[in-house]
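Order-wise, the sequence lines are chains A and B.
In case it helps, UniProt numbering puts the first sequence at residues 1 to 317.
In case it helps, UniProt numbering puts the second sequence at residues 1 to 317.
See below for the structure under consideration.
2 protein chains.
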Amino acid sequence: MKFFQQTGKVAIGSRLRMLTDKVTEDAAKIYQLYDIDVQPKWFPIFYSLSKGEEITITELAKNIGHSHPSVSKMIGEMLKKGYVAERKDRLDGRRNVISLSSKGKEIYSKIDDQLIDVAAAIEDLSAQTQNKLWEAIEEWEFLLEQKTLLRRVMEKKKERDGLKVNIVDYTSAYKQAFKSLNEEWISTYFVMEESDFKALDHPQEYILDKGGAILVALYEGKPLGVCALIKMNDGEYDFELAKMAVSPKAQGKNIGFILASAIIERAKSLGASKIYLESNTILKPAINLYHKLGFQKIAGKPTPYSRCNIQMELIIT
Amino acid sequence: MKFFQQTGKVAIGSRLRMLTDKVTEDAAKIYQLYDIDVQPKWFPIFYSLSKGEEITITELAKNIGHSHPSVSKMIGEMLKKGYVAERKDRLDGRRNVISLSSKGKEIYSKIDDQLIDVAAAIEDLSAQTQNKLWEAIEEWEFLLEQKTLLRRVMEKKKERDGLKVNIVDYTSAYKQAFKSLNEEWISTYFVMEESDFKALDHPQEYILDKGGAILVALYEGKPLGVCALIKMNDGEYDFELAKMAVSPKAQGKNIGFILASAIIERAKSLGASKIYLESNTILKPAINLYHKLGFQKIAGKPTPYSRCNIQMELIIT
DNA sequence: TATATTTGCGTAATCAGTTACGTAATTAAT
DNA sequence: ATTAATTACGTAACTGATTACGCAAATATA
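As structure tokens, this is what we get:
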């Protein structure tokens, strides 16, 4: 099993499984040793019932952290052995109330006796270790409760993906990308309009020459995101954030956030104090992103775009 | 899940299983996140094959610590996806040699990439804990390798059973037990002989009054073992250890050892320097016990018992 | 009061692993 | 050169768990 030595901790799952197997595999033999005719997997149920309370299948399941069909089945097996009794709740006909039979109680006293030795053996074992397994498990459970492994990995991915993203200034080399990335989402959700064609076909004339800016996000060298600042002659706003597009292939790589942050920085360095944008509430991830960046919903400005149903502004501090 | 707080560490098996589940359950989603069409359980196989070596099913199984049918099945699934190639060994027609296909190598490079983030996430997680799970698992594996949980529990049981055993001097109250316990084993393996009846029916006259001794082992108050020292008029030996019997119901409780040790102590306190005994090699546990206590095989003494085929002595130091 | 939703729980299907077993190929022993 | 034992590995059956589903009872809502 050189596997573990090589893979390192990524294989923690497999390794846990193996240890679980090893600890569990002796259980049946231990019951045999004490001449107790019981399946090890019943133990949590026996234990839960041992206080003498009556308890339903679902409560039992919650108690021991198993699914209710699993408990249901085990109770069936224990019933066959005569260790438990079931009865329907008179007040609630759905509930199946379980309790230990006298035979079950007798068996449990044997289990209880056996437990003394098992506990002592485990106590001995864990006294021989430097690292406390029980406490370690508790900590891991707590941490995973707070944030699942999946979320943790997602964060790491985002972080690393961010490093692969380069923001560069627009050059004519990106003319094709600028148009097609925008066309992609516009024509998916809406239709291309007159003003779209103007800006996308002639970015130099319609955006840059008028004092605007365009940034391109390169992911592993490929242009997968674009965003423009369009100069406004308006008195109130300095720029409109527009023509923002990220390739669907590059979703989840945080490119949108990086790109938008960069364009705001650019606006700031161009002396802007207020940025305007138009969007549509159908584009939820985009709206969320704008919100996260500090944009606030406003109302009442006229717009040439029919697809616009929300307007937002960012006051630069 | 109050279960764990109450049971304590006896439930370590169940608890390990739960943590394993929790760690494992996200695996599929993580692969999805990276757009890798692979089942998590294949990972160890992928990893083992990633070095480019060709390797057989059984070797793979040994490598990753699973049974060979399990590997065989997984390889079948991976084959269907086109991730691996198999071929029969030309020199040994039984061997099924597996390697990664080019498609498999491509997929593995994706997995490898994903591993960077998973490793980072786990590293982060474990940095946040006081108790080191990985190291703890290693220690437990090592200790269980040396001595299984079953053996540890058995030892504890023996130890605790020993405490329930009381060794007391014979009184006429135990006359019945002295006879029946001996009769039980003698008539199981052999037949009762003249000298047996003498000693068992009149222990006072034939054993005690002649300067011998009888000890009784009480287990939870019940006489379940007996053993006698019979004075010998022999010049060489002081006593014969005889009429040793332990109830089959009380097997495995270490009663034999405790009883025999006590009778040797008694012989010592009576000034003995050499003890003799007769037995039969068919009674293996008894012979083992005598051996463990320091008795050595001797030969050549005459004996009235036809069932005797081995003679032993213990020199008291 | 009628209808929709939630709850309890049993059954069926599925899953990831195991052990048991059979067969064919190879190797060892007589 | 047989015969016996071992090895490689596939198939089948089993195990202990899960999720999916459906029914009936209870509860909430309009």
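Yeah, the Cβ is synthetic: ideal placement off N, Cα and C, and Gly gets one too.
#### Entry: DSSP-derived helix/strand/coil call for Asn-63/B
One-based indexing of the second sequence puts residue 63/B at position 63. DSSP places Asn-63/B in helix when its eight states are reduced to three.
### Message
Output needed in chain order: residues of the UniProt domain "N-acetyltransferase" (176-317) of chain B with a Cβ under 7 angstroms from some Cβ in chain A.
### Response
none
### Query
Does DSSP put Ile-264/B in a helix, in a strand, or in coil?
On the second sequence, residue 264/B is found 264 positions in, with the first residue counted as 1. If DSSP states are grouped into helix, strand and coil, Ile-264/B belongs with the helices.
### Task
Give the DSSP-derived three-state secondary structure of Leu-19/A in the structure shown.
Counting from 1 along the first sequence, the entry for residue 19/A is found at position 19. Three-state DSSP puts Leu-19/A in a helix.
### Message
Between Lys-51/B, Val-153/B and Lys-284/B, which has its C-alpha nearest Ile-30/A's C-alpha?
### Response
To locate residue 30/A, count along the first sequence from 1; it is residue 30. Nearest C-alpha to Ile-30/A: Val-153/B.
### Message
Within a Cβ cutoff of 7 angstroms, which residues of the same chain sit near Ile-258/A, ignoring the five residues on either side of it in sequence?
### Response
The residue given as residue 258/A occupies position 258 in the first sequence. Excluding sequence neighbours, Ile-258/A sits near Gly-162, Val-165, Ile-167 and Ala-217.
### Task
Closer than 7 angstroms by beta-carbon distance: list the chain A residues that pair up with Lys-156/B, in chain order.
Locating residue 156/B in the second sequence gives position 156, counting from the first residue. Under the 7 angstroms cutoff, chain A gives Asp-117, Ala-120 and Ala-121.
### Task
Please specify which runs of the alpha helix (DSSP H), each continuous and at least 4 residues long, are wholly inside the UniProt domain "HTH marR-type" (9-159) of chain B, giving them in chain order.
12-25, 27-33, 43-49, 57-64, 68-81, 102-127 and 133-146
### Message
Using 8 angstroms for Cβ pairs, my map puts Ile-64/B next to Pro-40/B. What's the rounded Cβ distance?
### Response
Numbered from 1 along the second sequence, position 64 holds the residue referred to as residue 64/B. Numbered from 1 along the second sequence, position 40 holds the residue referred to as residue 40/B. Going by Cβ atoms, the distance from Ile-64/B to Pro-40/B rounds to 13 angstroms, so no, they are not a contact pair.
### Message
I'd like to know whether the C-beta atoms of Tyr-237/B and Glu-159/B end up nearer to each other than 9 angstroms.
### Response
Stepping through the second sequence from its first residue, residue 237/B is reached at position 237. Stepping through the second sequence from its first residue, residue 159/B is reached at position 159. Not closer than 9 angstroms, so no.
### Message
Please classify Met-74/A as buried or exposed, where buried requires at least 16 neighbouring CB atoms within 10 angstroms.
### Response
Your numbering for residue 74/A matches position 74 in the first sequence. It counts as buried.
### Query
Under 7 angstroms Cβ-Cβ, which residues of chain B neighbour Asn-131/A?
Start at 1 with the first residue of the first sequence, and residue 131/A comes out as number 131. Here the neighbours are Asn-131, Lys-132, Glu-135, Ala-136 and Glu-139.
### Where Thr-24/A meets chain B, residues with beta-carbon distance less than 7 angstroms
On the first sequence, residue 24/A is found 24 positions in, with the first residue counted as 1. Within 7 angstroms Cβ-Cβ: Gly-13.
### Pair within 9 angstroms by beta-carbon distance, Phe-3/A and Tyr-83/B
Reading the first sequence from its first residue, position 3 is the one you call residue 3/A. Reading the second sequence from its first residue, position 83 is the one you call residue 83/B. The answer is no: Cβ separation not under 9 angstroms.
### Task
Report the rounded CA-to-CA distance for Ala-127/A versus Leu-149/B, giving the unit in angstroms.
Against the first sequence, residue 127/A aligns to sequence position 127. Against the second sequence, residue 149/B aligns to sequence position 149. If I take the Cα positions, the gap works out to 14 angstroms.
### Query
Does Gln-6/A have its Cβ less than 9 angstroms from a Cβ in chain B?
For the purposes of this step, residue 6/A is taken as the residue at position 6 of the first sequence. Closer than 9 angstroms to some Cβ of chain B, the Cβ of Gln-6/A qualifies, so yes.
### DSSP three-state assignment for Gln-204/B, whether helix, strand or coil
Working through the second sequence from its first residue, we reach residue 204/B at position 204. DSSP places Gln-204/B in helix when its eight states are reduced to three.
### Query
What residue from Leu-289/B, Lys-156/B and Gln-296/B has the CA that sits closest to Lys-274/B's CA?
As a position in the second sequence, residue 274/B is number 274, starting the count at 1. It is Gln-296/B whose Cα lies nearest to the Cα of Lys-274/B.
### Message
Looking at Leu-49/B: is its Cβ nearer than 9 angstroms to the Cβ of Ile-98/B?
### Response
By one-based count along the second sequence, residue 49/B stands at place 49. By one-based count along the second sequence, residue 98/B stands at place 98. It is a contact, given that the beta carbons lie within the stated cut-off.
#### Entry: Span separating the alpha-carbon of Leu-229/A from that of Asn-131/B
For this step, residue 229/A is matched to residue 229 along the first sequence. For this step, residue 131/B is matched to residue 131 along the second sequence. The straight-line gap from Cα to Cα measures roughly 52 angstroms.
### 7 angstroms Cβ shell around Glu-278/A - same chain, five flanking residues per side excluded
Sequence index remark: in the first sequence, residue 278/A carries index 278 (1-based). The residues are Thr-303, Tyr-305, Cys-308 and Gln-311.
#### Entry: Closest Cα partner of Lys-253/B within the set Gly-225/B, Leu-100/B and Met-244/B
Within the second sequence, the letter at position 253 stands for residue 253/B. The option with the nearest alpha carbon to Lys-253/B is Gly-225/B.
### Query
Quick one: does Pro-44/B have its CB under 9 angstroms from some CB of chain A?
Mapped onto the second sequence, residue 44/B falls at position 44. Cβ-Cβ to chain A under 9 angstroms: yes for Pro-44/B.
### contact_flag[the segment 133-141 of chain A, the segment 172-192 of chain A] where n(CB pairs < 8 angstroms) is 3 or more
no
### Query
Among Gly-13/B, Gly-8/B, Ala-299/B and Leu-79/B, which residue has its Cα nearest to the Cα of Asp-26/A?
Translated into the one-based positions of the first sequence, residue 26/A becomes position 26. Checking every option, the nearest Cα to that of Asp-26/A belongs to Gly-13/B.
### Task
Tell me, please, whether the segment 174-182 of chain A touches the segment 193-200 of chain A by the rule of three or more beta-carbon pairs shorter than 8 angstroms.
yes
### Query
Would Lys-51/B be called buried (16 or more neighbouring beta carbons within 10 Å of its own) or exposed?
As a working note, residue 51/B is residue 51 in the second sequence. Exposed is the call here.
### Message
Contact defined as beta carbons within less than 8 angstroms: I believe Arg-266/A pairs with Ala-213/A. What is the distance between those atoms, to the nearest angstrom?
### Response
As a working note, residue 266/A is residue 266 in the first sequence. As a working note, residue 213/A is residue 213 in the first sequence. Yes, Arg-266/A and Ala-213/A are in contact; Cβ-Cβ is about 5 angstroms, under 8 angstroms.
### Query
Nearest-angstrom Cα distance between Gln-288/A and Ile-255/A?
Residue numbering aside, residue 288/A sits at position 288 when the first sequence is read from its first letter. Residue numbering aside, residue 255/A sits at position 255 when the first sequence is read from its first letter. The sequence as given places Asn at residue 288/A; Gln does not occur at that position. So the alpha carbons of these two residues sit roughly 14 angstroms apart.
### Query
Leaving out the 5 sequence neighbours to the left and right, which residues in its chain are closer than 6 angstroms to Gly-104/A when beta-carbon positions are compared?
To locate residue 104/A, count along the first sequence from 1; it is residue 104. Taken in chain order, the residues that qualify are Tyr-83 and Val-84.
### Message
Contact criterion: CB-CB distance below 9 angstroms. Does Leu-163/A meet it with respect to chain B?
### Response
What you label residue 163/A is simply residue 163 of the first sequence in a count that begins at 1. So no, Leu-163/A is outside the interface.
### Message
Quick check for students: name the residue ranges of the beta strand (DSSP E) that lie wholly in the UniProt domain "N-acetyltransferase" (176-317) of chain A, counting only runs of 3 or more.
### Response
213-219, 222-231, 239-246, 274-279, 296-298 and 310-315
### Query
So with Cβ pairs under 9 angstroms, would you call Asp-37/A a contact of chain B?
Translated into the one-based positions of the first sequence, residue 37/A becomes position 37. Closer than 9 angstroms: no.
### Query
Are the C-beta atoms of residue 332/A and some chain B residue less than 9 angstroms apart?
The question about residue 332/A has no answer, for chain A in this structure spans 1 to 317.
### Query
Should Pro-285/B go down as buried or exposed, given a rule of 16 or more other Cβ atoms within 10 Å for buried?
Taking the first residue of the second sequence as position 1, residue 285/B is located at position 285. Looking at its Cβ environment, which holds fewer than 16 other Cβ atoms inside 10 Å, Pro-285/B is exposed.
### Query
Is it the case that the Cβ atoms of residue 384/A and Lys-22/B are separated by a distance below 9 angstroms?
The question about residue 384/A has no answer, for chain A in this structure spans 1 to 317.
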